[in-house]
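**Q** Just dropping this structure here.
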Amino acid sequence: MKNAVYLQSGGPTSVINASFYGVIRAYQENAESGTLFGAKYGVQGLIDDRLIPIRKDRDYSSLTAIPGAVLGSARVKLGDFSDPIYSKILATMRKRDIRAVFVNGGNDSMDTAERLDRYFRYVGYDCTVVGIAKTIDNDLEECDFTPGFPSAVRYIVKTLTEISLDIRSYQKGRITIVELMGRDAGWLCASSALAIDYGLGPDLIYIPEIPFDPYAFLKDVKQIYGEKQRVLICVSEALKDAHGQYIFCDDNHLDAFGHKQLGSVSKNLCDWISRYGHYPTRHIELNLMQRASAHLQSPLDVRWAEECGFQAAKAAAEGKPGVICIERQNGEIRCALKAFRLVANKVRTMPPDFLRPDHRDLSRKGKAYFSIFKDDSLRIDIPEEFR
Numbered sequence: 109m110k111n112a113v114y115l116q117s118g119g120p121t122s123v124i125n126a127s128f129y130g131v132i133r134a135y136q137e138n139a140e141s142g143t144l145f146g147a148k149y150g151v152q153g154l155i156d157d158r159l160i161p162i163r164k165d166r167d168y169s170s171l172t173a174i175p176g177a178v179l180g181s182a183r184v185k186l187g188d189f190s191d192p193i194y195s196k197i198l199a200t201m202r203k204r205d206i207r208a209v210f211v212n213g214g215n216d217s218m219d220t221a222e223r224l225d226r227y228f229r230y231v232g233y234d235c236t237v238v239g240i241a242k243t244i245d246n247d248l249e250e251c252d253f254t255p256g257f258p259s260a261v262r263y264i265v266k267t268l269t270e271i272s273l274d275i276r277s278y279q280k281g282r283i284t285i286v287e288l289m290g291r292d293a294g295w296l297c298a299s300s301a302l303a304i305d306y307g308l309g310p311d312l313i314y315i316p317e318i319p320f321d322p323y324a325f326l327k328d329v330k331q332i333y334g335e336k337q338r339v340l341i342c343v344s345e346a347l348k349d350a351h352g353q354y355i356f357c358d359d360n361h362l363d364a365f366g367h368k369q370l371g372s373v374s375k376n377l378c379d380w381i382s383r384y385g386h387y388p389t390r391h392i393e394l395n396l397m398q399r400a401s402a403h404l405q406s407p408l409d410v411r412w413a414e415e416c417g418f419q420a421a422k423a424a425a426e427g428k429p430g431v432i433c434i435e436r437q438n439g440e441i442r443c444a445l446k447a448f449r450l451v452a453n454k455v456r457t458m459p460p461d462f463l464r465p466d467h468r469d470l471s472r473k474g475k476a477y478f479s480i481f482k483d484d485s486l487r488i489d490i491p492e493e494f495r
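All residue numbers for the sequence shown refer to my numbering, where the first residue is 109 and numbers rise by one.
Written out as structure tokens, the structure is:
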């Protein structure tokens, strides 16, 4: 293994540092490996030559339990090769004689990895770029699930059961709307249905893959409130109408990768319901807690996040560029190397038929997919006489 640099990109997760440890472990276990560096604040660390050498005689295993991005992350979109940023990156690479780059991130980050790979080929610099899949949104193509997602699911299910118990405390309650992450993919929001198996899940679930019908929504809310005197609803941070347009978003503000700034869907829906029927409402945004809550890390997540990092190092040692993804076939999970073009700038949406047409639970197909993330240790057992 030659000298290499690892960088973290995009939003953190509770297990991204486990992938970092996987790369470190691969380097430490190979007596002939060169120096592994960690780049401060993602690709910006390559631009500014802010690299941290990783010691071979130090135990870094504690990284697997640390949330956030220990090296710091960044959202920097690389342009065409005329941008002087590239020459700065190349200067850092040559100065340190770095011949492998590991980019740990989501679909936008894989765009960065692919651009670096093409640039090094363009200038004739011998370097292998390997992407390591990561995102709580679970929206990377070629991945059955992404490192970060199982832990976010665990947090969501636990939180939903606790919210459900809280709103049951009163004979007549509110319409409570819980907003979960997921710009174009409803995987996280749909996972809230796992709490239904414990009798403490949402009454209604809305994801961006299924066009949002405001009139059907209000009708269902009114019906459930009439029956139960409370309603618990889960919504993705982005909902779309029948034309595929975002509902409640700011068209005038875009991020570095051209994504629209989303509005507060839960708050807007609550305001709408209040105007419609004068119902008491409450909106809750789980926001970054979904990705920051390492106290509810999934053991499955930690294991495969680390394995993705380890396999990325092996791919680089063999001179094989691409993205390390997770596959599942016949219940068997494994890591696989995929071409950048299959992953970068693509969004893996959730099949709409994973959710029941009435928005009240997962379908049989959905339950089959999500079964691997079910964790009965999250069950809250209530004595029968108090149910």
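Cβ coordinates follow ideal geometry from the N, Cα and C atoms, glycine included.
Measuring straight from C-alpha to C-alpha, what distance separates E435 and K280?
**A** Going by the C-alpha atoms only, they are around 46 Å apart.
**Q** Are the CB atoms of D484 and S471 nearer to each other than 8 Å?
**A** In this structure, S471 does not lie closer than 8 Å to D484 by Cβ.
**Q** With H, G and I counted as helix, E and B as strand and the rest as coil, what does DSSP make of K428?
**A** Of the three classes helix, strand and coil, the one that applies to K428 here is coil, per DSSP.
**Q** Please say whether Y114 and N246 have beta carbons closer to each other than 8 Å?
**A** No.
**Q** Does the structure place the stretch 161-176 close enough to the stretch 114-134 that three or more beta carbon pairs sit under 8 Å?
**A** Segments in contact, yes.
**Q** What are the start and end residues of the alpha helix (DSSP H) that includes E222?
**A** It spans 215-231 - the alpha helix (DSSP H) in which E222 sits, taken as one unbroken run.
**Q** Looking at I355 and F320, is the spacing between their C-beta atoms short of 8 Å?
**A** Yes, these two residues count as a Cβ contact at 8 Å.
**Q** According to DSSP, which residues form a beta bridge with F210?
**A** Per DSSP, Y114, V238.
**Q** Would V329 and L347 be called neighbours here (beta carbons separated by less than 8 Å)?
**A** No, the pair does not count as a contact, with Cβ atoms beyond the cut-off.
**Q** With DSSP collapsed to three states, give me the class of F365.
**A** Its pLDDT being 49, under 50, F365 is placed unreliably by the model, and nothing is read from it.
**Q** Going by alpha carbons, who is nearest to R468 out of Y230, D311, F210, I206?
**A** For R468, the nearest C-alpha among the options comes from D311.
**Q** Could you tell me whether the stretch 292-307 touches the stretch 254-272, where touching means 3 or more Cβ pairs closer than 8 Å?
**A** The stretch 292-307 is in contact with the stretch 254-272.
**Q** Can you give me the C-alpha to C-alpha distance between Q419 and E493, rounded to a whole angstrom?
**A** Each residue's Cα considered, the two are about 51 Å apart.
**Q** The alpha helix (DSSP H) that contains T269, what's its start and end?
**A** Taken as a continuous stretch (DSSP letters only), the alpha helix (DSSP H) holding T269 covers 257-275.
**Q** Looking only at its own chain, which residues have a Cβ that is under 8 Å from the Cβ of C378, when we skip the five neighbours before and after it?
**A** Excluding positions up to five away in sequence, the list reads I283, I285, T389, R390, H391.
**Q** Look up H391 in the DSSP assignment and say whether it is helix, strand or coil.
**A** Residue state, collapsed to three classes: strand.
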